[in-house]
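There are 4 protein chains.
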Amino acid sequence: MPDLKTVLAEITAAMRAETTRGAVADYIPELRRVPLDRFGIAVVLRDGEEVTGGDADQPFSIQSISKVFTLTLALGRAGDGLWRRVGREPSGDPFNSIVQLEHERGIPRNPFINAGAIAVTDVLMAGNRPRETLAETLRFLRFVAEDDDIAIDEAVARSERETGFLNASLANYMRAFGVVQGDVEHVLGVYFHHCAIAMSCRHLARAGRYLAFNGRIPTLGAGIINPDRARRINALMLTCGHYDGSGDFAFSVGLPGKSGVGGGVLAVAPGTASIAVWSPGLDAKGNSLLGRIALERLARAMQWSVFG
Amino acid sequence: MPDLKTVLAEITAAMRAETTRGAVADYIPELRRVPLDRFGIAVVLRDGEEVTGGDADQPFSIQSISKVFTLTLALGRAGDGLWRRVGREPSGDPFNSIVQLEHERGIPRNPFINAGAIAVTDVLMAGNRPRETLAETLRFLRFVAEDDDIAIDEAVARSERETGFLNASLANYMRAFGVVQGDVEHVLGVYFHHCAIAMSCRHLARAGRYLAFNGRIPTLGAGIINPDRARRINALMLTCGHYDGSGDFAFSVGLPGKSGVGGGVLAVAPGTASIAVWSPGLDAKGNSLLGRIALERLARAMQWSVFG
Amino acid sequence: MPDLKTVLAEITAAMRAETTRGAVADYIPELRRVPLDRFGIAVVLRDGEEVTGGDADQPFSIQSISKVFTLTLALGRAGDGLWRRVGREPSGDPFNSIVQLEHERGIPRNPFINAGAIAVTDVLMAGNRPRETLAETLRFLRFVAEDDDIAIDEAVARSERETGFLNASLANYMRAFGVVQGDVEHVLGVYFHHCAIAMSCRHLARAGRYLAFNGRIPTLGAGIINPDRARRINALMLTCGHYDGSGDFAFSVGLPGKSGVGGGVLAVAPGTASIAVWSPGLDAKGNSLLGRIALERLARAMQWSVFG
Amino acid sequence: MPDLKTVLAEITAAMRAETTRGAVADYIPELRRVPLDRFGIAVVLRDGEEVTGGDADQPFSIQSISKVFTLTLALGRAGDGLWRRVGREPSGDPFNSIVQLEHERGIPRNPFINAGAIAVTDVLMAGNRPRETLAETLRFLRFVAEDDDIAIDEAVARSERETGFLNASLANYMRAFGVVQGDVEHVLGVYFHHCAIAMSCRHLARAGRYLAFNGRIPTLGAGIINPDRARRINALMLTCGHYDGSGDFAFSVGLPGKSGVGGGVLAVAPGTASIAVWSPGLDAKGNSLLGRIALERLARAMQWSVFG
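Protein chains in written order, with the numbering used here: chain A, 1 to 308; chain B, 309 to 616; chain C, 617 to 924; chain D, 925 to 1232.
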């Protein structure tokens, strides 16, 4: 088995040198400003050791990676009743598709497409005010990431809101079928804000430990969720975590992972490591281009693929 | 860790006693005759030990499980060029849907839906005659299963052919776009015949060893495919192996698996075990109802889930 | 040619006696209260003669019939530039479908499905305030119907707004693509209000005269729109005026017509008559069940079909 | 009212001079050879007068215009029972779409899209041999067109068959649902052959007389179908006769019409005229580009629009 530090250093150098870097997300104006040349990676092992490369301590907009954490919290609140409102199947559609909602009476396919994450946000709110739900989400992230400075980037949240008509369309559609039950504006407000949370690779990798280690953070001695639930969230990340590129991510990387249009990816080698990578250039399906390549190299070098 | 023999005995007894067993596939007339009360399971470990339960030695129609083996052979023939004609993404559609083909210019989403497997069959034939391709497929299966009696059930093949108009529709559609390139009747003939191969759980589990053990059959000292390819086929089985129930199978079982409407499922615990289970009653999505439940129990009891 | 008075009397008697009357629209709560046994019909001829039957003077909620009038006004304002934002093809989908919008980048298929009418409303507003647009619409209807009491039923408008999440979804979707350009809430407000206009069959038939008589109201000596435009609106009513039942309406009735879920239908026998009918029970596609049957009888008896 | 001869002469001259002529259909190889500069038009009035312009006596491949005649014959055979297998609604899809079939259990939307016409062909065959059905179709056309030389262009039929995989896909799909009941190969054979019938504008306009004149050919004193049926076929031509361009054809021309990819259009001014036009260049939706423009001019000049 090669040395993790050496592997990360090699990957970081290779990714830094890469000239085909994808394109920064342009549909959220505020995200366009992020420099395309950034690359960071962080790995946290079971014993708490943290190995990083590149811009691993620079915060970026986690965007859809937040869907993993809100799902965790919503399952804690609603239990498996949540699955009456959200499916568990890959969608075969882009992240913001509404076609599937019409065909399936407003039930989103899974919690990691936009519609599903909006429904999960509604479950998580459960009558609470936006402010309370956001505070709870931040508290959770600060605890699992062991960083009290994690915060929402208000400029990004505002930018999302001002251009978030497709998400408003999805939310209203689900509201028509009773899948979203709360006030549409409030639900969207929370959704746009938790997508606008900024974190670094290091903190994100820490935050993913409870998924990598059977629901627990070993070094904290803290049980976050039960092992079954951690396993199931990992399964959802593998089948649905990269929108319509989920199959390809599983095929090439072989790890459960969740991407965000900010260019971040959280990935999990169950039992072994929690990993975060960041490169803001996206591929045609909205997933970090170099993020996937870096993870593919890492998984192969360390033989971390869950598939053998 | 519990004892595998004990676990299989308990699962077999529980599945035998189960009264909700799903419904036998009825769209292929010949399959309707299979008794609903059958249940078999077989596990082959790395050292070659075989542990079985119930009707593990009774042959059944492997149906779509054959898609795993024809994909293996077609990749051997065409290499990664195959992926120009077949995608690698879950479909979000039933196994026989044609809608996706129209939206994506005749390219099937993945090799495990019917359209994809027909395209793979066309790649595998590559100008050869139906008879030759079927002989090659049988030779392969007899070798990896270590059983020279594996054969095609001609009555089932005929039954499929006579009622296979949806598959003929898919094949002609892909032919219009050049995704299928050979003679449509010949391709369908081979497809219907390899779906009609009959195997027992024991032989099927043996046949899956090369996927479980990095492309090799350890006890034979035989390398079947390279480790990367085995890993990738496992990934495809996990994301696409149960049609529109793939997400749920990953969520509840956590193993790469491929189902067939004959009621069989081939599953793989990478590095540890190759597993076959058979119960002819299907759920609403065309996957073995008790097959999934048995695998869920097995994976949990043995802690074989790839997700932690 | 039979006598129109006799024909209408017979039709009215037959429709009164009919026991299969469809179901009152239930998705707008306020509309549920309308008694199912109502039936009215009114015909206005070129010379101004008005022949009526049943509840021809009782106002009802015109709902989607208003789309004809807002289209007329929006074309007056924007001219054929309107067709850059709205198509002219039948949709093959239910009135509130959003699937088509995703497939065609936010451009609604025609001005008579909900999405199309919302886009037309946006064109009609063109930066004006909701209040001004509604006042203009009412002024127009009062003039062409020669009735100063035509008004908006505020209880219906409120009811639509409170349950109008699908329409909000459509509007936001189009806003995302720049097809709707104004404030979504304002556009929806105007849309819900003009759907809630109440008119009687008599006034509705009068209002349709400009479509029946080449853009003019002969007895008023008033040119409303040019003949080409009247002809084209009639064509759109014929191909798209009954949602996914437009083909059947053309097939059985043979007249351009526009239905509303309040149970009204406005129909036009070009050169001969403007017709309004009302029966609140709807068929499975949301069109007045007896309204269609009454018009079929009328068109056959008077040989008014445009198809020979 | 202007003089018809003068109008046709002007239109013919204008169309001859037109440089934007669309593109000849290329998916049927044999049709590619037709010179793009051809233009013909023929009008037959109630009294039998025939006025023509351009290449009105040159035969061309009528293609989908044949669907009008096979529908007429199939209705004669099966009566309104035919509508249990074929719908009467515009499709909102291209002529060869299969998506709609999957959504509506194999029932094609209308008899004028390919799927619908294949189903109509199956109804028309009703157990007869291909040869008999084709003979019957030719006999009918020769009678209504008063021309004994009308024949099938075997080179075109062969060309369609060799490239007709999409149609084979549609036919097999409908066969799976029992909408097509006969032998798929035979039904397709007849379908490809009746599409390959060659006729001139003059003969096509004659053949349409029974639709223009209440089911009768006045000068022959022959009743072909009852007036209701003629009216209804006209309605279908108006709502569905130009595939996904039907709405636009109604909007701009205002006459029932049926186009073919050979560049022909049959149109009907009920009570007044039967019209055929031919220009082989097609628009983006597969309808004759100059054909539509010529008909729009004719309808406007003669005030023949059914919409006023």
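Ideal placement from N, C-alpha and C gives every residue a C-beta, glycine not left out. Keep in mind it's a predicted model, so treat the numbers as computed, not measured.
Contacting residues, own chain, Cβ-Cβ under 6 Å from residue i (five flanking each side not counted)
i	result
E323/A	The question about residue 323/A has no answer, for chain A in this structure spans 1 to 308.
I597/C	With chain C covering 617 to 924 only, the question about residue 597/C has no answer from this structure.
Residue environment, residue i, which counts as buried when at least 16 other CB atoms sit within 10 Å
i	result
A639/C	exposed
E470/B	exposed
T6/A	exposed
E49/A	exposed
D365/B	exposed
D307/B	No answer is possible for residue 307/B: the residues shown for chain B start at 309 and end at 616.
M1098/D	buried
M302/A	buried
G878/C	buried
A13/A	exposed
D149/A	exposed
A355/A	The question about residue 355/A has no answer here: the residues shown for chain A are numbered 1 through 308.
D927/D	exposed
A135/A	exposed
Beta-carbon proximity list for residue i, same chain, < 7 Å, skipping 5 on both sides
i	result
T749/C	L740, M741 and V806
S169/A	I98
G523/B	G531, I532, I533, N534, P535, R537 and A538
L379/B	P419, V428 and I541
A74/A	L82, V120, V123 and L124
E326/B	L598
From the options, residue whose alpha carbon lies closest to that of residue i
i	options	result
G732/C	D764/C, N744/C, G780/C and V796/C	V796/C
E454/B	A386/B, P588/B and S508/B	S508/B
D950/D	G1210/D, G978/D and Q982/D	G1210/D
F368/B	H411/B, G616/B and P588/B	P588/B
A212/A	V43/A, H103/A and D148/A	V43/A
C811/C	G669/C, G876/C, D696/C and V667/C	G876/C
A1100/D	G486/B, Y481/B, F473/B and A479/B	F473/B
E1028/D	R940/D, G1102/D and R1053/D	G1102/D
T1061/D	F993/D, G964/D, A1159/D and D971/D	F993/D
E30/A	D248/A, G308/A, K258/A and A157/A	A157/A
L544/B	A250/A, G308/A and C240/A	A250/A
I107/A	D55/A, N172/A and N128/A	N172/A
DSSP bridge partner residues for residue i (one or two, in chain order)
i	result
L4/A	In the DSSP output, where bridge partners are listed per residue, L4/A has none listed.
F60/A	M199/A
I949/C	Because chain C spans 617 through 924 in this model, residue 949/C falls outside it and cannot be assessed.
K1209/D	Beta-bridge pairing links K1209/D to no other residue.
A42/A	T52/A and A276/A
L574/B	K566/B and A584/B
A947/D	L1206/D
I152/A	I197/A
Own chain partners of residue i with C-beta closer than 8 Å, once the 5 adjacent residues on each side are dropped
i	result
V614/B	L546, G562, L563, P564, A577 and P578
R1001/D	V1047, L1048 and A1050
T360/B	L316, G348, I349, A350, V351, C509 and R510
Sufficient close CB pairs (3 or more, under 8 Å) joining the region 340-350 of chain B to the region 379-392 of chain B:
no
Meets three-Cβ-pair contact criterion under 8 Å: the region 575-585 of chain B and the region 500-519 of chain B
Contact holds: three or more Cβ-Cβ distances are below 8 Å.
For the region 1075-1085 of chain D and the region 1098-1109 of chain D, state whether three or more C-beta atom pairs, one from each stretch, are separated by less than 8 Å.
No, the region 1075-1085 of chain D is not in contact with the region 1098-1109 of chain D.
Quick check: the region 1178-1198 of chain D against the region 1206-1215 of chain D, are there 3 or more CB pairs under 8 Å?
yes
When the Cβ atoms of the region 842-861 of chain C are set against those of the region 705-719 of chain C, are three or more pairs found closer than 8 Å?
yes
Counting Cβ pairs closer than 8 Å, one from the region 1060-1070 of chain D and one from the region 1132-1149 of chain D, do we hit at least three?
yes
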